[in-house]
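**Q** When the letters of the sequence shown are read in order and numbered with my numbering, they come out as residues 89 to 602. We put the beta carbon where it would ideally sit given N, CA and C, even for glycine.
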Amino acid sequence: MKLRLIFTILSVFFALSLVSASEYRSHEKVKFPETPAGIRAKEVMDLINSGKPDEIEKFVNGNFAVAFRNAFPLDQHVGIIVRTHDLNKKLELNKIETSSEYRISCLLLSPSTSQLLSLDLQTEETAPNRITRMGFRPGGVYESSSAKKRSPQETTETGKSSKNKSRAPKSISQKELTKILDEFIDQLVEKDEFSGTVLVAKKGKPIYSKAVGYAHQGFKVPNKPDTKFCLASMNKMFTGTAIMQLVQQGKLNLDDKVGKHLPNYPNEDIRDKVTIHHLLTHTSGMGSYWREFFESPKKSEINTVSDYDNLANGNPLLFEPGERFEYSNCGPLVLGLIIEEIAGLSYDEYIRRFITGPAEMGNTDCYNISESIDNLAIGYTNGRSVGRSFNPRRNNLFMNPVKGGPAGGGYSTVEDLLKFDLALRNNILLNKENFDIMTTGKVNRNETNKYAYLFTEKFVNGERIVGHNGGTAGLNSHLAMYMNSGYTVAIMSNYDPPAAEKLAQKIENVLSYQ
Numbered sequence: 089m090k091l092r093l094i095f096t097i098l099s100v101f102f103a104l105s106l107v108s109a110s111e112y113r114s115h116e117k118v119k120f121p122e123t124p125a126g127i128r129a130k131e132v133m134d135l136i137n138s139g140k141p142d143e144i145e146k147f148v149n150g151n152f153a154v155a156f157r158n159a160f161p162l163d164q165h166v167g168i169i170v171r172t173h174d175l176n177k178k179l180e181l182n183k184i185e186t187s188s189e190y191r192i193s194c195l196l197l198s199p200s201t202s203q204l205l206s207l208d209l210q211t212e213e214t215a216p217n218r219i220t221r222m223g224f225r226p227g228g229v230y231e232s233s234s235a236k237k238r239s240p241q242e243t244t245e246t247g248k249s250s251k252n253k254s255r256a257p258k259s260i261s262q263k264e265l266t267k268i269l270d271e272f273i274d275q276l277v278e279k280d281e282f283s284g285t286v287l288v289a290k291k292g293k294p295i296y297s298k299a300v301g302y303a304h305q306g307f308k309v310p311n312k313p314d315t316k317f318c319l320a321s322m323n324k325m326f327t328g329t330a331i332m333q334l335v336q337q338g339k340l341n342l343d344d345k346v347g348k349h350l351p352n353y354p355n356e357d358i359r360d361k362v363t364i365h366h367l368l369t370h371t372s373g374m375g376s377y378w379r380e381f382f383e384s385p386k387k388s389e390i391n392t393v394s395d396y397d398n399l400a401n402g403n404p405l406l407f408e409p410g411e412r413f414e415y416s417n418c419g420p421l422v423l424g425l426i427i428e429e430i431a432g433l434s435y436d437e438y439i440r441r442f443i444t445g446p447a448e449m450g451n452t453d454c455y456n457i458s459e460s461i462d463n464l465a466i467g468y469t470n471g472r473s474v475g476r477s478f479n480p481r482r483n484n485l486f487m488n489p490v491k492g493g494p495a496g497g498g499y500s501t502v503e504d505l506l507k508f509d510l511a512l513r514n515n516i517l518l519n520k521e522n523f524d525i526m527t528t529g530k531v532n533r534n535e536t537n538k539y540a541y542l543f544t545e546k547f548v549n550g551e552r553i554v555g556h557n558g559g560t561a562g563l564n565s566h567l568a569m570y571m572n573s574g575y576t577v578a579i580m581s582n583y584d585p586p587a588a589e590k591l592a593q594k595i596e597n598v599l600s601y602q
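1) Taking the alpha helix (DSSP H) that Thr-576 belongs to, which residues open and close that run?
2) If Asn-355 and Asn-401 are in contact, beta carbons under 8 Å, what's the gap, nearest whole angstrom?
3) Report all residues from its chain with a CB closer than 8 Å to the CB of Glu-185; omit the five preceding and five following residues, and keep chain order.
4) Are Met-325 and Phe-543 touching if we call contact CB-CB under 8 Å?
5) Between the alpha carbons of Ser-394 and Lys-183, how many angstroms are there, rounded?
6) For Thr-211, is the classification buried or exposed, using 16 other Cβ atoms within 10 angstroms of its Cβ as the cut-off for buried?
7) So for Phe-272, helix, strand or coil by DSSP?
8) Counting only the same chain and skipping the five closest in sequence on each side, list residues whose C-beta sits under 6 Å from that of Asp-357.
9) Hey, quick one: how far does the alpha helix (DSSP H) through Lys-546 stretch, first residue to last?
10) Whole angstroms is fine: what's the gap from Glu-517's alpha carbon to Leu-599's?
11) Roughly how far, in whole angstroms, is the beta-carbon of Met-571 from the beta-carbon of Thr-329, given that I think they are within contact range, below 8 Å?
12) Quick check on DSSP: helix, strand or coil for Val-154?
13) Taking the straight line between their C-alpha atoms, what separation do you get for Arg-472 and Phe-156?
14) On the DSSP bridge assignment, give the partners of Pro-310 in chain order.
15) Kindly list the residues whose CB is nearer than 6 Å to the CB of Lys-312, restricted to its own chain and excluding five residues on each side of it in sequence; keep chain order.
16) For Gly-247, does the three-state DSSP call read helix, strand or coil?
17) Take Glu-180 as the anchor and find which of Asn-137, Asp-174, Arg-221 and Asn-158 has the nearest alpha-carbon.
18) Would you decide whether Pro-216 is buried or exposed? Buried here means 16 or more other CB atoms lie within 10 Å of its CB.
19) Which residue's Cα is closest to the Cα of Asn-514: Asp-274, Ala-447, Asp-584 and Lys-308?
20) What are the residues that DSSP puts in a beta bridge with Cys-318?
21) Identify every residue that forms a DSSP beta bridge with Arg-552.
22) Check for me: the beta strand (DSSP E) holding Arg-359 runs from which residue to which?
23) Does the distance from the C-beta atom of Val-166 to that of Glu-145 stay below 8 Å?
24) Reducing DSSP to helix, strand and coil, say where Glu-185 ends up.
25) Within 10 Å of its beta-carbon, does Ala-109 have 16 or more other beta-carbons around it, so buried, or fewer, so exposed?
26) Mapping the DSSP letters down to three states, classify Asn-532 as helix, strand or coil.
27) For Gly-492, tell me which candidate among Phe-272, Leu-591 and Asp-436 has the shortest Cα-Cα distance.
28) Name the residue from Asp-274, Gln-203, Ser-200 and Ile-219 whose alpha carbon lies nearest to the alpha carbon of Leu-209.
29) Answer yes or no: do Gly-555 and Tyr-539 have a C-beta to C-beta separation smaller than 8 Å?
30) Return the Cβ separation of Gly-410 and Thr-371 in integer angstroms, given the expectation that the two are a contact with Cβ distance under 8 Å.
31) Suppose you measure from the CA of Arg-476 to the CA of Thr-369; what does that come to, to the nearest Å?
32) What does DSSP give as the partner residues of Thr-560 in its beta bridges?
33) For Tyr-213 and Glu-414, what's the separation of their Cα atoms in angstroms?
34) Between which two residues does the beta strand (DSSP E) containing Asp-208 stretch?
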C-alpha cells in the first residue's frame with residue numbers, strides 16, 4: 089500500500105512476446121529531447137536500468153526537489169525505482185507522448201517482456217532543474233504494426249471496447265491450465281520469488297488452486313487456501329463498494345462536496361472543493377500521510393479512520409481537484425469518515441455488515457495484527473521494495489501499520505476474494521446499474537487502462553478485466569475479474585511485489601491470448 093502513494097505502479101510481468109527481434113531492430117530509434125525534462129527522463133531510465141539501490145539513493149538525494157524528496161521516507165523513493173527495475177529489467181525509449189521544456193510523458197519499452205511503462209516527469213523551471221514530480225504507470229503490451237492489425241484495442245469514452253472482439257481468446261482446458269501454471273509456479277518457488285496462494289475460477293467454479301511456501305517460516309507453517317494475507321490497497325474496492333451502496337440508497341451523490349457530509353472537516357480546501365467523485369478516482373489533489381505516520385511517536389496506537397485522517401488532513405492539496413490523476417491513500421480515508429457519518433457505524437462494522445457479511449467472506453477483516461489471529465500469514469521481505477537488501481528475508485511486522493482501514497491493510501483469502509467477485513457479479517452487494525458505474529473507467533491512464541471508482545478497468549485482447557491489486561514490503565495481492573469470459577483470478581502472497589503480479593500477468597497471458 090505505502091509504495092503506491094508516490095507512483096502508481098501496476099506494471100505487469102512476463103507478457104506474451106508479440107514482436108520478433110528483427111522488428112525491434114528495425115524500429116526507428118527515438119531520442120529524448122534536449123530539454124531539462126527530457127534530460128532528467130533519460131537519467132531516470134538509466135537509473136532504473138542500473139537497479140542499484142546505492143546509486144538510486146544518491147540520485148534521489150541530489151536530484152529530487154526538496155519538497156518531493158521529503159514527502160516520503162527515502163527508502164520508499166528508492167524502493168519504487170528498484171521495483172520498477174525488477175519488473176521490467178532493461179528499458180529503452182519507445183515513444184515521446186507529450187513534451188515541453190519542463191514536463192515530459194513518454195513510453196519506455198522492456199524488450200524482454202514486451203511491456204510498455206509510461207513515465208511522467210516534471211522539473212523545476214530554474215537550474216539545476218531538479219525533479220518535482222515523477223510517476224510510473226503501465227503502458228500495455230507493445231505490439232508490432234502487423235500485430236496491431238490483428239488485434240485492435242480501441243476504447244470508447246464509456247470504457248466499452250468497440251473493436252476488441254476481433255480476436256476473442258480461445259478456451260483452454262483445465263488440464264492445460266494446470267500444467268502451465270504448475271510449471272510456472274514451481275519455477276518461481278525454485279527461485280524464491282513466490283510464496284502464497286492462487287485461485288482461478290470459471291463462472292464461480294474453481295478450476296485451479298495452489299498454495300506454496302510458508303505462512304510462518306520460523307515454525308514452518310505452510311500456506312493453505314484459507315490462509316489470510318494482507319490485502320494492501322485492495323481494501324479500496326470495499327470502500328468503493330460501500331460508497332456506491334450509499335449512492336444506491338440515495339444517501340449521497342457522486343458530485344457532493346466533502347463538506348456536505350463532514351461540515352466540520354478541518355481542511356477547508358478539501359471540505360469546499362473536493363467531491364465524492366474526486367475521492368473515488370484519485371483526482372482530489374490529496375497526497376499521502378506516510379511521512380507523518382512514520383514520524384508518529386505512537387503509530388502502534390493508530391487504529392481508527394480518524395486516527396489515520398488526523399495525520400493527513402493538515403496537508404495542502406497538491407493540485408486543484410479534477411486537474412489530474414495522482415494515486416492517493418488520503419482520499420479513501422475521507423470516504424471512510426463519510427461512510428461512518430452517514431451509516432452511524434465504524435468503518436469496520438459497516439464493511440462487516442454490508443459487504444463481507446452478505447458475501448459470506450468469513451475470513452476477511454481489518455484485523456489488529458498485535459492480536460492472535462488464526463491462519464494469518466506473516467510477510468517476508470528481501471528489502472528491495474524499500475530500497476534495502478535483506479538476506480535472508482526478514483518479517484515485515486514492524487514495517488506496516490498494526491491495523492488497516494479504508495485505504496488498505498486488511499486481510500483476506502483467495503477463497504473470500506472469489507466470494508467478493510461473485511457477490512458483485514450476482515448483484516448481491518450492488519444492483520447492476522451501480523456496479524457498472526463503479527467499475528467503468530473514469531480516468532484514462534493509457535490506451536487500454538483506466539481507473540474507475542476504486543477499481544481498475546482494462547482491456548486485453550478483447551477481454552474486459554476489472555479489479556485491483558496491492559503491495560508493499562512482504563506482501564502482494566491481486567484480484568482480476570474477467571467480465572467477458574467469466575474467469576476470476578485471485579492471488580495473495582507474503583513476499584514483496586512483484587510476487588503476485590508476475591503470476592497474474594502469466595495467467596492473463598494464458599487466459600487472454602490463447
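**A** Concretely, from the data shown:
1) From DSSP, Thr-576 is part of no alpha helix (DSSP H) but of the beta strand (DSSP E) over 575-581.
2) Their Cβ separation, rounded to whole angstroms, is 5 Å, which keeps Asn-355 and Asn-401 in contact under 8 Å.
3) Ser-193, Cys-194, Leu-195 and Ser-206, listed in sequence order.
4) Yes, these two residues count as a Cβ contact at 8 Å.
5) Approximately 44 Å between the Cα atoms of the pair.
6) Residue burial annotation: Thr-211 is buried, with at least 16 other C-beta atoms found within 10 angstroms of its C-beta.
7) In the structure shown, Phe-272 sits in a helix (DSSP, three-state: H, G or I).
8) Once the five neighbours on either side are set aside, the close Cβ partners of Asp-357 are Leu-405.
9) Residue range 544-548 is occupied by the beta strand (DSSP E) that includes Lys-546, with no alpha helix (DSSP H) assigned at that position.
10) In the sequence on display, residue 517 carries Leu and not Glu. When rounded, the distance between both Cα atoms is 27 Å.
11) The Cβ separation is near 16 Å, so there is no contact.
12) Taken through DSSP and simplified to helix, strand or coil, Val-154 comes out as helix.
13) Using only the alpha carbons, I get a separation of about 21 Å.
14) Answer by DSSP bridge pairing, in chain order: Tyr-302.
15) Non-local beta-carbon contacts of Lys-312 in its own chain, meaning distances under 6 Å to residues more than five positions away in sequence, involve Ala-299 in chain order.
16) For Gly-247, the predicted model reports a pLDDT of 36, less than 50, meaning its position is unreliable and no value from the coordinates is stated.
17) Minimum Cα-Cα distance from Glu-180 among the listed residues Asn-137, Asp-174, Arg-221 and Asn-158 corresponds to Asn-137.
18) The residue is exposed, with fewer than 16 neighbouring Cβ atoms inside 10 Å.
19) Nearest of Asp-274, Ala-447, Asp-584 and Lys-308 to Asn-514, Cα basis: Ala-447.
20) Note: Cys-318 sits in a beta bridge opposite Tyr-499.
21) Looking at the DSSP assignment, Arg-552 forms a beta bridge with Phe-547.
22) Run containing Arg-359: none in the beta strand (DSSP E); it sits in the alpha helix (DSSP H), 356-361.
23) Against a cut-off of 8 Å, the Cβ pair of Glu-145 and Val-166 comes out as a contact.
24) In the displayed model, Glu-185 falls within a strand according to three-state DSSP.
25) Unreliable placement is indicated for Ala-109, whose pLDDT of 32 sits below 50; the coordinate value is still reported in the next sentence. Within a 10 Å sphere around the beta-carbon of Ala-109 sit fewer than 16 other beta-carbons, which makes this residue exposed.
26) Assigned with DSSP and collapsed to three states, Asn-532 falls in strand.
27) Considering only alpha carbons, the answer is Asp-436.
28) Looking at the Cα atoms, Ile-219 is the closest of the given residues.
29) Result no, Cβ atoms of Gly-555 and Tyr-539 do not sit closer than 8 Å.
30) Between Thr-371 and Gly-410 the Cβ distance is about 5 Å, and since that is below 8 Å, they are a contact.
31) When only Cα atoms are considered, Arg-476 and Thr-369 end up about 32 Å apart.
32) As a beta-bridge residue in DSSP terms, Thr-560 pairs with Leu-563.
33) In the sequence on display, residue 213 carries Glu and not Tyr. In a straight line, the C-alpha of Glu-213 is about 21 Å away from that of Glu-414.
34) Annotation for Asp-208: the continuous beta strand (DSSP E) segment containing it runs 203-211.
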